[in-house]
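In the order they appear, the protein sequences are chains V and P.
If you read the first sequence in this note's numbering, its first letter stands for residue 1, the second for the next number, and so on.
If you read the second sequence in this note's numbering, its first letter stands for residue 1001, the second for the next number, and so on.
There are 2 protein chains.
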Amino acid sequence: MAVTQTQASTGTAQRILDVAEELVQSRGYNGFSYADIAGELGLTKASLHYHFPSKAELGEALIERYSARFLESLEAIASTTSGADSKLEAYAGLYADVLRGERMCLCGMLAAEYQTLPERMHDSVIRFFDHNLTWLAGVLAQGQANGELSFDGPPADAAQTVLSTLQGAMLVARPYRDLTRFQAAADHTLASLNGTRSS
Amino acid sequence: MAVTQTQASTGTAQRILDVAEELVQSRGYNGFSYADIAGELGLTKASLHYHFPSKAELGEALIERYSARFLESLEAIASTTSGADSKLEAYAGLYADVLRGERMCLCGMLAAEYQTLPERMHDSVIRFFDHNLTWLAGVLAQGQANGELSFDGPPADAAQTVLSTLQGAMLVARPYRDLTRFQAAADHTLASLNGTRSS
DNA sequence: GTCTATAGGCAGATAGAC
DNA sequence: GTCTATCTGCCTATAGAC
């Protein structure tokens, strides 16, 4: 596919997704319009509808691409990083990178707007969280098993805590435009899972 | 004032705020319109503009009232609950109550939409978080001083962690419509601040 | 694939009668 | 205070030429 369709990854559809992704992450699904994308790309609104007939389909494509990329990052962390604690740090780093771009996690943003989203987008948002929770629970269980990590309750609950804290830290830190607020919450939570505690 | 203007607390302006508050917490500031409120109250859009000339002013009034009520709850907790751990539990309970109503924290929702909000609403959102963080840092410092709580770093960082986790737990749990997900994250984080640890 | 043109609806907001 | 009527603008979406 990469051969038969040269530059496919920078084709119009991808550039539309790039701009739409930035808009949703910074302004929300209800906070941008086809006109915003068209203006940014020098196209007309009608042209956008050729690639994505409805805004709901654009939204769906957005989540699918974002999730796929995010899951690739998770696999990359799993295969290149050794040690549960390092993996969790790398995981938090993914969120820090998003926040540095003055963006919210795409699915965190969509979670806030969930009740107003087209129904076809609902499952995709849930799936993103499910995948993250599964990955986190796996890392946490591994760390607990080899004594690297220490926490009460099932790994799934700790996973829920990590995901919640990172999403919430982005949410709260963004209005302040202050990455250190995110880091404080992220570091504190990861430290609380560490087997070695100073307290 | 309560005497000279009987039923002021259930007057039209207050009923507008009630409906608007529910709409913002469940759908977001960009996810509702004057028509939604008018329909719910059996009024016309024009009548709403008599009480709140612009949507920005309505939004501002919304945050002010919500913040005032929330701060009252914080004072009530501070004066009726003894023990830092109990205060933190009561604090988390405030969020749980909001989530039970299938709502997001008003200011958590507005934080997501922050970049699209009228500028006059910005400071009010920040102030809400500041007040919460100050209150939390005070409780945490108290608990740390008397040995009831134990955590690394300054109380302000722990406060940032608690606020982030609770906001994020609401954000993530709401699409699942599952209060237990919120509770898992809330309980886990509060337990990590407890002086007595099983690990 | 991109354009012009336009439809049809809803947004926030205002004027002025009652 | 609430209404009817209306304005202006933007929204998503479509038809059809190029």
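Idealized CB from N, CA, C, for every residue including glycine.
Note that the structure is predicted; figures quoted are calculated from it, not measured.
Inter-residue Cα distance where the pair is residue i and residue j
i, j, result
"V/R100", "P/T1044", "44 Å"
"V/A145", "V/G39", "53 Å"
"V/A158", "V/Q183", "18 Å"
"P/F1066", "P/L1106", "The residue asked about is misnamed: residue 1066 of chain P is Tyr in this sequence, not Phe. If you take the alpha carbons of P/Y1066 and P/L1106, they lie about 8 Å apart."
"P/H1051", "P/E1102", "27 Å"
"P/M1104", "V/A111", "10 Å"
"P/D1011", "P/E1075", "According to the sequence shown, residue 1011 of chain P is Gly rather than Asp. Each residue's Cα considered, the two are about 26 Å apart."
"P/D1194", "P/T1081", "First, the amino acid is wrong: residue 1194 of chain P is Asn here, not Asp. Approximately 17 Å between the Cα atoms of the pair."
"V/A185", "P/V1162", "8 Å"
"V/S79", "V/A156", "21 Å"
"P/V1098", "P/E1089", "15 Å"
"V/E57", "V/F32", "15 Å"
"V/K87", "V/E22", "26 Å"
"P/R1177", "V/S54", "27 Å"
Nearest neighbour of residue i, chosen from the options [CA to CA]
i, options, result
"P/V1139", "P/R1120, P/Y1176 and P/I1077", "P/I1077"
"P/E1148", "P/L1041, P/A1084 and P/L1017", "P/A1084"
"P/G1093", "P/N1194, P/T1180 and P/G1195", "P/T1180"
"P/G1153", "V/F70, V/P155 and V/H188", "V/H188"
"V/P175", "P/P1175, P/G1195, P/L1117 and P/F1070", "P/L1117"
"V/V172", "V/F151, V/G195 and V/A96", "V/A96"
"V/S127", "V/P155, V/L71, V/A156 and V/T81", "Here residue 127 of chain V is Arg; the residue named in the question, Ser, does not match the sequence. Measuring from the Cα of V/R127, the nearest candidate turns out to be V/L71."
"P/E1119", "P/G1059, P/W1135, P/R1177 and P/A1156", "P/G1059"
"P/H1049", "P/D1123, P/E1022, P/W1135 and P/I1016", "P/I1016"
"V/L136", "V/D178, V/S73, V/Y91 and V/R177", "V/Y91"
"P/A1068", "P/V1162, P/A1056, P/L1193 and P/F1129", "P/F1129"
"V/G42", "V/F32, V/A61, V/V19 and V/K55", "V/V19"
"V/H131", "V/A56, V/A61, V/S73 and V/D178", "V/S73"
Any chain V beta carbon closer than 8 Å to residue i
i, result
"P/P1053", "no"
"P/T1165", "yes"
"P/D1123", "no"
"P/G1143", "no"
"P/V1172", "yes"
"P/R1127", "no"
"P/E1060", "no"
"P/S1199", "Confidence at P/S1199 is low in this model, with a pLDDT of 38, below 50, so its placement is unreliable and no value can be given for it."
"P/R1027", "yes"
"P/N1146", "no"
"P/Y1034", "no"
Anticipated Cβ contact below 8 Å, residue i with residue j, distance rounded
i, j, result
"V/I63", "V/V125", "6 Å"
"V/S164", "P/A1169", "4 Å"
"V/Q115", "P/R1027", "6 Å"
"P/Q944", "P/L1133", "Residue 944 of chain P is absent from the model: chain P starts at 1001 and stops at 1199."
"V/A25", "V/M121", "One point to set straight first is that residue 25 of chain V is Gln, not Ala, in the sequence displayed. Their Cβ separation, rounded to whole angstroms, is 15 Å, which puts V/Q25 and V/M121 out of contact at 8 Å."
"V/Y29", "V/E113", "5 Å"
Identified DSSP bridge partners for residue i
i, result
"P/L1166", "Partner(s): none; P/L1166 has no beta bridge."
"V/L149", "V/N194"
Cβ of residue i within 8 Å of any chain P Cβ
i, result
"V/V19", "no"
"V/G153", "yes"
"V/P118", "no"
"V/A184", "yes"
"V/R181", "yes"
"V/Y91", "no"
"V/H131", "no"
"V/S67", "no"
"V/E40", "no"
"V/A56", "no"
"V/E22", "no"
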